[in-house]
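Data first, discussion second: the structure below is written as structure tokens.
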Amino acid sequence: MDKFVISSGHAKAVRGACGYIDEVNEARKVVPKVAEYLKELDCKVHTFNDNTSKTQRDNINTIVKYHNSKSRDLDVSVHFNAGTKEVGGTEVLYYGDGNKALAAKVSNAIANALGIKDRGAKKRTDLGFLKGTAKPAILIEVCFVDTKTNADAYKKSFDDCCKAIAETLSGKKVKEVAKSVEKKSVIHRVQVGAFSDEKNAEKLAFELKKKGYSVNVVEG
Ligand SMILES: [Zn+2]
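If you're matching positions, the sequence shown starts at 46 in the working numbering and goes up one per residue.
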């Protein structure tokens, strides 16, 4: 797959879950970062945030309409979960059975990147986004906003999380930019004497030169 439409869950005025982190705010960070990595992997990506809807119904319709207006292989919605005070974890929701394997892979990749529980692929037939989008679709629940260990892991490994999503969706690996490991040349100096009187320094230099050494007299 190399053409994607990715949107953030909920809307600016129709907020989602809130805990140690805010679902809508964070989804709006994950979407562009994943898109950036996908573009690096030569994929075509459209992204969308709903800034206009005032009701939940409008919100779903607006998001679905945007997705269906684009040419793409897969529709992706980014959410964060809430409701457990326990270990939390990553889930990826799907509708059609054909998307189960991809959902499981994405869930596993995110859970690994964050070092949190992999709750896996979950079939959901009641969600507007999954029902309304015409192409294969997955809905990512990155982690739980109200599980502190999840929120901390997400903040710490945000970049790895987004990279893992992009790599799993595209089936390609982001190339590590070769870091220049240019070795600095180090000069090792040998000092044989330090004199307050320049004449004494010159005298030693002269002795050493006679013996065939290359000598520099320096002040310092
Ligand atoms: Zn949500």
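Don't be surprised by glycine CBs; every beta carbon is placed ideally from N, CA and C.
- The alpha carbon of Leu172 has as its nearest neighbour, out of His55, Phe49, Asp47, the alpha carbon of His55.
- It is roughly 16 Å from the alpha-carbon of Glu81 to the alpha-carbon of Leu119.
- The segment 152-159 and the segment 82-96 do not touch, with fewer than 3 CB-CB distances between them shorter than 8 Å.
- In the DSSP secondary-structure assignment, Ser53 is bridged to Val123.
- The criterion of a C-beta distance shorter than 8 Å is satisfied by Val76 and Ser53.
- Assignment of Val151 by DSSP, reduced to helix, strand and coil, places it in the helix class.
- For Gly177, the shortest separation between its Cβ and any heavy atom of ligand 1 does not lie below 7 Å.
- Listed in chain order, the alpha helix (DSSP H) runs fully inside the segment 152-179 are 173-177, counting runs of at least 4 residues.
- Residue range 203-215 is occupied by the alpha helix (DSSP H) that includes Cys207.
- Residue range 89-95 is occupied by the beta strand (DSSP E) that includes Asn94.
- Annotation for Phe189: the continuous beta strand (DSSP E) segment containing it runs 182-189.
- The C-alpha of Ala166 lies about 22 Å from the C-alpha of Asp204.
- Judged by beta-carbon spacing, Gly133 lies within the 8 Å limit of Thr192, meaning their Cβ atoms are closer than that value.
- Residue range 135-139 is occupied by the beta strand (DSSP E) that includes Leu138, with no alpha helix (DSSP H) assigned at that position.
- Rounded to the nearest whole angstrom, the CA to CA distance from Glu136 to Val187 is 7 Å.
- Taking C-beta separations shorter than 8 Å and ignoring five residues to either side along the sequence, the partners of Gln101 in its chain run Val59, following chain order.
- Here Ser215 is buried. Its C-beta has 16 or more other C-beta atoms within 10 Å.
- Annotated three-state conformation of Asp142 is helix, per DSSP.
- In the three-state reduction of the DSSP assignment, Asp103 falls in the helix class, which pools H, G and I.
- Between Gly64 and Ala148, the C-beta spacing is not below 8 Å.
- Looking at the DSSP output, Asp242 sits in no beta bridge, so it has no partner there.
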